[in-house]
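Working notes, structure below.
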Amino acid sequence: MSKKIVLLPGDGIGQEVINSAKEVLDKVAKTYQCQFEFEQFEIGGSSYDKHGVPLTDETINACKSADAILLGAVGGTKWDNVPTELKPEQGLLKIRKELNLYSNIRPIKGFDSLLHASPLKEDIIKGSDILIVRELTGGLYFGKPRERRENGTVAVDTLVYSRKEIERIVEKGFESAQIRNKHLTSVDKANVLESSRLWREIVEEKSKDYPDVKVDHMLVDAAAMKLITNPASFDVIVTENLFGDILSDEASVLTGSIGMLPSASLSDTVGLYEPVHGSAPDIAGEGKANPLGMILSAAMMLRYSFGMEKEAQAIESAVNESLQQGYHTSDLNIADGTVVQTDKMTQVVVENIK
Ligand code: IPM
Ligand code: MN
8 MSKKIVLLPG DGIGQEVINS AKEVLDKVAK TYQCQFEFEQ FEIGGSSYDK HGVPLTDETI
68 NACKSADAIL LGAVGGTKWD NVPTELKPEQ GLLKIRKELN LYSNIRPIKG FDSLLHASPL
128 KEDIIKGSDI LIVRELTGGL YFGKPRERRE NGTVAVDTLV YSRKEIERIV EKGFESAQIR
188 NKHLTSVDKA NVLESSRLWR EIVEEKSKDY PDVKVDHMLV DAAAMKLITN PASFDVIVTE
248 NLFGDILSDE ASVLTGSIGM LPSASLSDTV GLYEPVHGSA PDIAGEGKAN PLGMILSAAM
308 MLRYSFGMEK EAQAIESAVN ESLQQGYHTS DLNIADGTVV QTDKMTQVVV ENIK
């Protein structure tokens with residue numbers, strides 16, 4: 008069977024890392040006798056430059072008929088002066104909404120050979136293995152009204168969540184915990200926000216359906232602190248859109264570099280996979296980008312969209328082995344090993360796929 012994959016490189020280093028993912032998938036196809044068909048479309052600033060909008064109907068339709076989607080990154084200083092509604096990020100928000108990608112899964116697990124790359128002490132980071140389940144199509148990102156009033160002197164954003172939106176993501180949190188270490192931390196701000204109080208209520212209700220999962224409620228400020236002081240105490244974190252955005256960037260540095268981290272954004276029928284990092288315009292085109300977040304996102308695609316567990320593990324083991332051999336890109340702040348460019352890092356991973 009051949010799988011149809013839409014590639015959305017986007018902007019900046021997105022272009023470079025998407026090629027890495029493609030090379031790795033080509034090697035997987037050869038090694039495991041499967042077939043991937045790739046079709047490439049624009050999103051973000053590169054779409055704005057070509058079509059005048061950050062996301063076209065053509066791209067949306069291609070994604071809707073794909074088996075899965077790989078996305079690089081969007082954004083860059085080049086589009087600073089573009090009107091808000093046409094900014095590259097709007098393309099990303101729109102594709103999430105159009106495809107109903109409400110569930111964003113961000114695993115944060117350090118590699119043993121890179122423990123010393125973490126800004127935290129090794130004995131604090133050791134044993135950390137966190138899965139952030141972030142709500143992705145609701146909350147402050149999409150609430151209406153969103154406007155300027157009173158001659159532009161007042162700005163309004165709206166934090167709104169429906170019961171249905173909370174229920175479906177909370178279920179994902181519980182299901183993820185069930186197949187991991189059975190510990191779910193629900194992060195909210197229930198001491199202040201009404202939407203958080205509804206969130207907490209629903210988590211309590213749902214917990215009755217998952218009696219084997221231990222549930223904690225944690226306020227987002229306390230969770231931010233605990234991620235740094237005791238990251239190993241977390242298993243699965245489930246939280247709303249903005250809290251999840253902030254906490255996942257915070258958690259990403261635990262592993263030494265945000266460049267290593269993959270993510271999956273899932274609807275009930277399709278998945279979009281992208282590294283957690285952004286388009287890094289400062290290093291774009293220099294061949295310095297860390298391709299591992301993108302490559303590991305391709306592994307998540309094999310696992311979640313195609314059920315190809317052994318192929319996904321082959322990629323993850325190849326990444327692990329490449330790091331053990333000492334290869335890494337310059338974003339990792341360590342003195343040992345060999346610093347290599349994006350293409351060499353990719354090539355090493357490709358060679359390590361068994
Ligand atoms: C992310 C990014 C996006 C977000 C931006 C680029 C809109 O930071 O995927 O985490 O805030 O969701
Ligand atoms: Mn973010």
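Under the working numbering, think of the first position of the sequence shown as 8, with each following residue one higher.
For each residue, glycine too, the CB sits at the ideal point set by N, CA and C.
Assignment of Val163 by DSSP, reduced to helix, strand and coil, places it in the strand class. In the three-state reduction of the DSSP assignment, Lys221 falls in the strand class. At least one heavy atom of ligand 2 sits closer than 8 Å to the Cβ of Ser255.
Per DSSP, Thr66 has no beta bridge partner at all. At the C-beta level, Val13 and Phe43 stay beyond 9 Å of one another. Not a single heavy atom of ligand 2 lies less than 8 Å from the C-beta of Val60.
Distance between Val177 and Thr345, taken at the CA atoms: about 42 Å. About 6 Å separates the CB atoms of Leu143 and Leu108; that is less than 8 Å, so the two are in contact. Per DSSP, the unbroken alpha helix (DSSP H) holding Asp252 starts and ends at Asn248 to Ser259. With three or more CB-CB distances shorter than 8 Å, the region 240-251 counts as touching the region 191-200. The count of Cβ pairs closer than 8 Å, one atom from the region 96-105 and one from the region 303-321, stays below three, leaving the stretches out of contact. For Pro238, no alpha helix (DSSP H) encloses it, and the DSSP letter there is neither H nor E. A distance criterion of 8 Å places the beta-carbon of Asp252 in contact range of ligand 2, judged by its closest non-hydrogen atom. For Gly292, the distance from the CB to the nearest heavy atom of ligand 1 is not below 8 Å. If you draw a 10 Å sphere on the C-beta of Ser72, you find fewer than 16 other C-beta atoms in it, and that means exposed.
Spatial neighbours of Asn327 in its own chain (CB-CB distance under 7 Å, excluding positions within 5 residues in sequence) are listed in chain order as Phe118. For Val283, the shortest separation between its Cβ and any heavy atom of ligand 2 lies below 8 Å.
Contact check between the region 290-300 and the region 255-270: three or more CB pairs, one atom from each, fall below 8 Å, which counts as touching. Taking 8 Å as the cut-off, the C-beta of Leu200 does not count as close to any heavy atom of ligand 1. In this structure, Ile25 places its C-beta atom within 9 Å of the C-beta atom of Gly79.
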